Amino acid sequence: MKPLPIAKAIALFVIVLCFTITISAQTIGTFSSVTPGPQVQTLVLPSTHTFQRIIKTGDALSLGGNLGDNLDFTGYVPIAGSSTNGRLSISTENTPAQVAILDVSYNNSTHLWVVGTAGKVNFNPTDIGTVTRFCSGTVTPNNTIMVSEEDITTGDVNGDGYTDKGWIIEIDPATRTVINQIGGNANADKLWAIGRANRENALVRSDNAVLYTGTDDATYGYLYKFVPTVPGVFSSGSLYVLQTNTSLGTGSWKAVPNTTTTDRNNTRTLAQGLAPTGGKSTYNFSGIEDVEFAADGKIYFTAKNEGKIYRFTDNGTVGTGTDVTGLEVFAGNSAYPTIRTYDVDGAGPLGTEAWGTGNDNLAFDGDGNLWVLQDGGRGHIWVISPTHTQASPQVRLFATTPAGSEPTGITFTPDYKYMFISFQHPNANTTSQTDAAGTAVIFNTHTTVVIARTSVLGPLATLPVTFTGFDARLAGEGVAINWSVTDISNHDYFSVERSVNGTDFEEIHRNNENINGAPQRSFIISDNNLPTVNTVYYRIKQCDINGSCRYTNVKAVKLSNQGRITRIYPQPANDKLNIQYYSFNEGFGNITVTDIHGKVVLHQTRNLSRGTQSILINTNHFGSGIYMITITDKNYQKTSQKFIKE
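Numbering-wise (my numbering), the sequence shown opens with residue 209 and increments by one.
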């Protein structure tokens, strides 16, 4: 056999791995609490964050008319899943109520949001009667908008038998129309089957099979569950109300009649009059303003008048007595009316702030933090950690809002970088502050804004690269480390860091390649000089040209019980080959050499000691070519490496 050139004898292997990761970096929920205190005339945010005014009451809409007042529910609907191109729905809490739909997009050059086509939803009174006081709502899994009428005063202006006010309405934001729910009217209907009450909110499960809604009512503050006959079609289905008692813990879903027009017009009366089951009765939560899902599957809802946030697990049963379990106060005033206070910066200098009452709209960010807007108290924006408990509180203060205002609606883009909210009924403030667009903003009328970190909004934005994959795993004699990125701009370098304890890291590789402007890139390196430990840890540091850096999460690679070949020399071999081998086990091991066709040319049993050792084999009788050496320890763990024989 003729010897092969070394260059042709070396095989290159590329491992392509795609993993979604969580970046241990600065997200919208990374901030230090602002100083507690009463409202001032400006919006007070952490120094790490900024805002941009999107629109205010009275501003002209391109499709005609002007934005109304008393701005409330604000919902971002992504177009094709985009976090930079979508439709923003803004409701008004007045009579007649309005919904404006704004086409909004993020400009990558200016790092600002731009409003495109904007117009109002057509609420035809011939079909649905009067519309009133749109308060909270939701963005559904189908990317529709639901708005809720808080007012239940009587009247039937279109004579269809349904009292006009107190319903949930579903809207197609793309066409700015009310969706026809097949409820008896020619073109559109309200969601009659869900029933009439002081509707404040809606929450649709990701499979469209369940809708939860509460009522902003001091006397009939009930929590409802609606199960549509056809998932995603909310014109018919079964309605239930939660029955529990003051001790909480468990609860039962009790069926509420909702098949006739009379039933639907009198939902709250029917819910109140249900016969108690097992000593339980329909429980008044006194002003349910919002309901939201958490990543752990639990359902969270507010009781505004009590100043409490509850949570529970819905077990998917009906009428068993334990349909709902784990019903408890998650945050707020544990024993109303005793007002709970929270230390907003732990042991820091800011001290405590009273929670007060009026916890209103809720939203979870990508890190599992619960954002709480306060209608009452001091009108704060609170953020609660996912590991918070009442015994070990973790509550921070994100913002104090402009004097006289109530923060309303809260919605995130899918990547959780941008948060849209509105401010309702501020005072006639006169102090201006400069927003991210350089505009002098005075909060003296109802206003919608977007809030984000300064790194992604406004003139200071650096728009760092986005990691789309990162992994580290054993490969041959070393560890293969892979990562991929997108949205590449202002990039300086990558540093691959390794640790033996998961805490103290050192750089083992640096990539200074100029990749700015590339839509996406992937990288792979091998760490073949592994330390003698059971586990090694890796992370990638990415630094911008302005010196700011961020890290991926940490990947642990277990080396225990895995012997490895750490070095083979000389390469190519002549008469003898030295193998440097690390073993985690003491005992006999098998050494096997195969040629390029898989034929065994050497098989030996050696006594292996624990730790690093040198193994010498005679190769003078091997022909020229490529070979594979495999060492198998007593636990049948194998490690292999190629070598070349001249």
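Just so it is clear, CB atoms sit at the ideal spot from N, CA and C, and this is done for glycine as well. Remember, predicted model here, so these are calculated numbers, not experimental data.
Which residue from the options puts its Cα closest to that of residue i?
i, options, result
"Tyr314", "Thr292, Thr361, Val307 and Pro304", "Thr292"
"Lys842", "Gln849, Leu810, Ile390 and Phe796", "Phe796"
"His596", "Val552, Thr528, Leu419 and Asn350", "Val552"
"Glu794", "Ile748, Val591 and Tyr844", "Tyr844"
"Thr621", "Thr468, Pro286, Asn388 and Thr467", "Pro286"
"Asn330", "Asp277, Asn316, Asn388 and Val347", "Asn388"
"Thr421", "Tyr428, Met627 and Tyr432", "Tyr432"
"Arg200", "Gly677, Asn567 and Asp575", "Nothing about residue 200 can be reported from this structure: the residues present for the chain run from 209 to 854 only."
"Val693", "Lys749, Thr813, Tyr370 and Val664", "Lys749"
"Ser707", "Asp735, Asp311, Pro780 and Val673", "Asp735"
"Cys751", "Val808, Gly806 and Ser697", "Ser697"
"Gly617", "Pro610, Ala611, Asp623 and Met627", "Met627"
"Asn637", "Thr662, Ala644, Ser630 and Pro610", "Pro610"
"Trp590", "Trp579, Ile402, Gln602 and Ser600", "Trp579"
"Gln247", "Gly725, Ser613 and Pro727", "Ser613"
"Gly289", "Thr743, Tyr624, Tyr746 and Asn316", "Tyr624"
"Ala326", "Asn577, Asn466 and Arg295", "Arg295"
"Gly505", "Ile517, Ile629 and Asn523", "Asn523"
May I ask you to report which of helix, strand or coil DSSP gives residue i?
i, result
"Thr421", "strand"
"Asp522", "strand"
"Arg586", "coil"
"Pro333", "helix"
"Leu431", "strand"
"Ala479", "helix"
"Ile402", "helix"
"Asn798", "strand"
"Asn690", "strand"
"Arg295", "strand"
"Asn567", "strand"
"Asp498", "coil"
"Asn473", "helix"
"Gly327", "strand"
"Arg661", "strand"
"Val242", "coil"
"Ile723", "coil"
"Arg758", "strand"
"Asn274", "strand"
"Asp803", "strand"
"Gly540", "strand"
"His717", "strand"
"Ala503", "coil"
"Tyr626", "coil"
"Pro780", "coil"
"Tyr844", "coil"
"Asp267", "coil"
"Lys516", "strand"
"Thr173", "No information on residue 173 is available, as it lies outside the stretch 209 to 854 that the chain covers here."
"Arg548", "coil"
Output needed for residue i: all residues of its chain with C-beta closer than 6 Å, excluding positions within five of it in sequence on either side, in chain order.
i, result
"Glu715", "Ser703 and Glu705"
"Ala463", "Tyr448"
"Thr437", "Ser444 and Gly445"
"Asn473", "Thr371 and Arg404"
"Ala571", "Trp579 and Ile618"
"Thr662", "Thr258 and Leu668"
"Ser232", "Residue confidence is low: Ser232 scores 39 on pLDDT, short of 50, so the model does not pin down where it sits. Its coordinate-derived value is still stated next. Contacts found: Tyr759 and Asn761."
Excluding the 5 residues flanking residue i on each side, which residues of the same chain have their C-beta closer than 8 Å to its C-beta?
i, result
"Thr338", "Thr303, Pro304, Gly363, Val365, Asp372 and Lys373"
"Thr452", "Thr458, Gly459, Ser460, Lys488, Tyr491, Val532 and Leu535"
"Glu378", "Thr348, Thr352, Ile353, Met354, Val386, Ile387, Gln389, Leu399 and Phe442"
"Glu854", "Pro211, Pro780, Ala781, Asn782 and Ser832"
"Tyr428", "Ala405, Asn406, Arg476, Ala479, Gln480 and Asn492"
"Lys328", "Leu269, Leu271, Gly272, Gly273, Gln306, Val307, Ala308, Ile309 and Arg384"
Which one or two residues does DSSP pair with residue i in a beta bridge?
i, result
"Ile592", "Leu578 and Val603"
"Thr914", "The structure shown has nothing for residue 914, since the chain only spans 209 to 854."
"Ala764", "Tyr745"
"Lys850", "Met836"
"Asn815", "Phe796"
Looking only at its own chain, which residues have a Cβ that is under 7 Å from the Cβ of residue i, when we skip the five neighbours before and after it?
i, result
"Ala426", "Ser494, Gly495 and Asn513"
"Asn815", "Phe796"
"Ser640", "Ala648, Val649 and Ile650"
"Asp277", "Thr265, Thr300, Asn302 and His654"
"His717", "Val704 and Ile733"
"Thr340", "Thr303, Pro304, Ala305, Glu357, Asp359 and Lys373"
"Phe501", "Leu411 and Ile507"
Return no unless some Cβ of chain B is closer than 8 Å to the Cβ of residue i.
i, result
"Ile753", "Checking the listed chains, one finds no chain B in this structure; it contains a single protein chain."
Complete runs of the beta strand (DSSP E) confined to the segment 332-390 [at least 3 residues] = Correct list: 342-347, 353-357 and 376-380.
Minimum length 3: unbroken beta strand (DSSP E) runs contained in the segment 628-657 = Runs found: 640-642 and 648-650.
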